[in-house]
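Before any comments, here is the structure.
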Amino acid sequence: MKLKMRPNLGPMDRAIRIGSGLAMVGMGLNRSSGFLGYLLSLAGVMLLAEGLTSYCVAYDLMGIDSGKEH
10 MKLKMRPNLG PMDRAIRIGS GLAMVGMGLN RSSGFLGYLL SLAGVMLLAE
60 GLTSYCVAYD LMGIDSGKEH
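Just so you know, we're using the working numbering here: the sequence shown kicks off at 10 and counts up by one.
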């Protein structure tokens, strides 16, 4: 299967991912140390990247496009 790498996130989906990503990065950086802090920060950065680029690999693999008008 070939990934198309075209925007597949709608505005509401993007806003949720950006907000969640910022919250997770903040929680991860707030932790003094440990694996959970790094894991939260990494997951937050991934959500931020998806929200800012309007592209989600998992959505592409499942054929979902939340940006299309239904």
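From the three backbone atoms N, C-alpha and C, an ideal C-beta is built for every residue, glycine too.
Given a cut-off of 9 angstroms, decide if residue j and residue i are closer than it, judged by their beta-carbon atoms.
i     : j     : result
Gly30 : Leu48 : no
Ala32 : Gly53 : yes
Gly37 : Leu45 : yes
Asp74 : Leu12 : no
With a threshold of 16 other CB atoms inside 10 Å of the CB of residue i, please say whether the residue is buried or exposed.
i     : result
Arg26 : buried
Gly72 : exposed
Gly60 : buried
Assuming residue i and residue j form a contact by the criterion Cβ under 8 angstroms, report the distance between their Cβ atoms to the nearest whole angstrom.
i     : j     : result
Ser63 : Leu18 : 5 angstroms
Runs of alpha helix (DSSP H) lying entirely within the segment 36-72, each at least 4 residues, in chain order:
44-62 and 66-71
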